[in-house]
Amino acid sequence: MLLPNITFPLELLLNTIITQYMESAYCVTVLSDKPLSLPFTNSFIYLVPDEDNLVEQIFNVSEMGCSDYIVCMRDPQNFMTAFERVVHIGNVRRSDRKVIILPYNEEYNENSDENPPSLIFSMKGSEYLANMLMVVNHNSNNSDCKAFDLVTHQFVGPDDMSNLPIYLDRWDSCTQQFENDANLFPHDMTNLYGKTVKVACFTYKPYVLLDIDTAIEPLGRDGVEIRIVDEFCRWLNCTVELVREDVDQWGEIYKNESGGVGVIGSVVEDRAHLGITALYSWYEEYRVMDFSVAGVRTAITCIAPAPRLLSSWEMPLMPFTWYMWLAVVFTYFYASTGILTAQGCDSSSYPFLNAFGMMIGQSQYEGKPSWKIRSVTGWLLIAGLILSSAYGAGLASTFTVPRYEPSIDTVQDIVDRKMEWGATHDAWIFSLTLSSEPLVKELVKQFRIYSFDELKRKSFTRSMAYSIEKLPAGNFAIGEYVTQEAILDMMLMLEDFYFEQCVVMMRKSSPYTEKVSQLVGRLHQSGLLLAWETQVALKHLNYKVQVEVRLSRSKNDVGTTKALNLGNVMGIFIVYAIGLVVSIATFLGELYVHYHKQKKERLHVD
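Oh and the sequence shown: position 124 is 388 in our numbering, straight run, nothing missing.
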């Protein structure tokens, strides 16, 4: 179908704007209550607005990628309201969307009290849309020529001026020229002229540190992600305003996605433009927000109670495993039963005591007339010799090399021991809650949330593990509730629970997304992120805690050679004491039985 020739002045102007500024657009959506003839060379969708289904109309074309708009409606405020809703519910994200709003009537009405630019630019959606252009009728003295003023909003600069209309240029239909040849989309996000950028965060070392002495940090703040934000505003000439979320910390999004609390909630509810402080690429948050490219790759693991030296009473049992002890006990009863059977079930020769004596290396003081008894005795003496030698060697090794309790090294270990692990917020398990693996589900069940003081108290009780982060430069993000004294009795786990990418969160289709991602990419290329992490760690983190965690797995490998003391052989004496008590009790019992037996015999004789 051939397009008709463009004859209307507004269409001539629109043709010029499209040619100069929208040739590279992937797809353009035209919403108009009246027919418009436009010479598009690329994809476009033409819609007749339906006030009742306007959100659905815009949503459908936006999901197709047609996210630049030309609007010619009687009430363009309805479009802005629907557009703002689509931004939040849609999946397509763009930082540089363009919106052109045309006058519904091409005739200038000097009696109208309405100021369309002021109405449109004062709406919430305009605050987060940099590329807006309004075409406004101009009162021209020449009736043969139409003139249009081209207006945009201030957007940059002080907050109280960002929604003010600013005049850009004027176009005349007779000359088909612009008066000033101005850039109709001047806000390319290269200079924000001091515009306030609100950043939601809270103190969490080494990402964000607030309330620092100004003698140390002139701005009173520092941290890897704080430096990213400060560098961003230095680059784009903006002003950082912090939105403190010390109470709710990371926060959460309400189930109906209408808002939230904490850093995440501040971004969702537009209380802040940027959200930082170790925010990971969580799926639920991505559904309602924009993410920058990853800044810091972090691995999440735990510091768990370090294994202690085994108690001395356990040392006599350590040369053999439990299965070996079961085999020894089975051999003892089997051999005793064999001797008892060979003696014709005569218990007067104490077969069980003889078998026990042979197993601990005692020789027999008399020969046995039966070859059956001699063969059982011979094999039992050989087995006893082997067992005694093996046990002695194992016991010597136990005394020589310190033995520790089994350490907690893996996720399986922490689940098997039902060990609690936790922190002050459940953000640590956001990345795990959607997992279908039984092991991960059990790990999530064992996570606990406690207050700062309770976590600090529990750090001395060896009753739980504490989640920490391994950072790219070799440092650790550890909660302040783990003190230098408590860390001495903890050990870093070998296995990581998971790893994540730290991002900067923004509202969907935020005008800052592309620029923040560009900056983070440059910081990666230059290696500044690793350098900043090291600088912040050396300057603000507890160096002794960092070293203790880093060396926690090697500190038990270095021991001192010392002579045996009573504590080392306490277990042997415990076994000896138990034997004495049992033997004395048995001897006294035998005396008691013998005494009563003789007494009965005397009474019987009398």
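All residues carry an ideal CB built from backbone N, CA and C; glycine is no exception.
Remark: C-beta atoms of Val-463 and Gly-487 do not approach each other more closely than 8 Å. By alpha-carbon distance to Ser-715, the top candidate from Leu-277, Gly-389 and Ser-723 is Ser-723.
The beta carbon of Val-640 lies closer than 8 Å to those of Ala-599, Gly-602, Ile-603 and Ala-606 in the same chain, with the five residues before and after it left out. Inclusion of Ser-331 and Val-356 in the CB contact set at 8 Å is warranted, their separation being smaller than that value. Straight through space, the alpha carbons of Leu-393 and Arg-485 are spaced by roughly 30 Å.
Counting along the chain, Lys-709 sits inside the alpha helix (DSSP H) bounded by residues 702-709.
Closest by C-alpha distance to Glu-327, out of Phe-343, Cys-291, Thr-305 and Leu-794, is Cys-291.
Nearest to Leu-543 by alpha-carbon distance, out of Gln-284, Asn-455 and Val-767, is Val-767.
Within the segment 647-706, the complete alpha helix (DSSP H) segments at least 4 residues long are 675-680, listed from N- to C-terminus. Ranked by Cα distance from Arg-434, the options Leu-278, Gly-524 and Pro-569 are led by Leu-278.
Residue range 538-544 is occupied by the beta strand (DSSP E) that includes Thr-541, with no alpha helix (DSSP H) assigned at that position. For Val-665, the number of other beta carbons within 10 angstroms of its own is below 16, and it is reported as exposed. In terms of CA proximity to Asp-413, Phe-442 leads the group Lys-388, Leu-428, Gly-421 and Phe-442.
Tyr-730 carries a strand assignment under DSSP once its states are collapsed to helix, strand and coil.
The beta carbon of Ile-281 lies closer than 7 Å to those of Ile-364 and Leu-448 in the same chain, with the five residues before and after it left out. The alpha-carbon of Gly-354 is positioned some 10 Å away from that of Glu-320. Judged by DSSP in its simplified three-state form, Val-813 adopts helix. For Asn-401, the enclosing beta strand (DSSP E) stretches over residues 395-402. Per DSSP, the continuous beta strand (DSSP E) segment holding Met-770 begins and ends at 762-771.
C-alpha of Leu-318 to C-alpha of Ala-346: approximately 6 Å in a straight line.
When DSSP states are grouped into helix, strand and coil, Arg-491 belongs to the helix group. Under the three-state reduction of DSSP, Met-588 is assigned to helix.
Contact check for Leu-792 against Gly-559 fails: the beta carbons are separated by 8 Å or more.
Closest by C-alpha distance to Tyr-547, out of Glu-516, Phe-496 and Thr-562, is Glu-516. A distance below 6 Å between beta-carbons, with the five flanking residues on each side excluded, links Thr-293 to the following residues of its chain, in chain order: Ile-309, Val-325, Cys-330 and Tyr-333. In its chain, beyond the 5 residues on either side, Leu-300, Ser-301 and Leu-302 have a beta carbon closer than 8 Å to the beta carbon of Glu-275. Between the alpha carbons of Val-704 and Glu-749 lies a distance of about 31 Å. Within the segment 297-384, the beta strand (DSSP E) runs of at least 3 residues that lie entirely inside it are, in chain order, 307-311, 332-336 and 362-365. By the Cβ neighbour-count rule, Tyr-518 is exposed, with fewer than 16 other Cβ atoms within 10 Å of its own. For Met-286, same chain residues with a beta-carbon under 7 Å away, outside a window of 5 residues either side, are Val-292, Asp-332 and Lys-362 in chain order. Within its own chain, the residues whose Cβ lies closer than 7 Å to the Cβ of Pro-615, once the five positions on either side in sequence are excluded, are Ser-600, Ile-603, Leu-604 and Gln-607, listed in chain order. In the three-state reduction of the DSSP assignment, Trp-435 falls in the strand class, which pools E and B. By the beta-carbon neighbour count (other beta carbons within 10 angstroms, threshold 16), Asn-395 is buried. Between Ile-678 and Ala-729 the beta-carbon gap is near 6 Å, inside 8 Å, which marks them as a contact.
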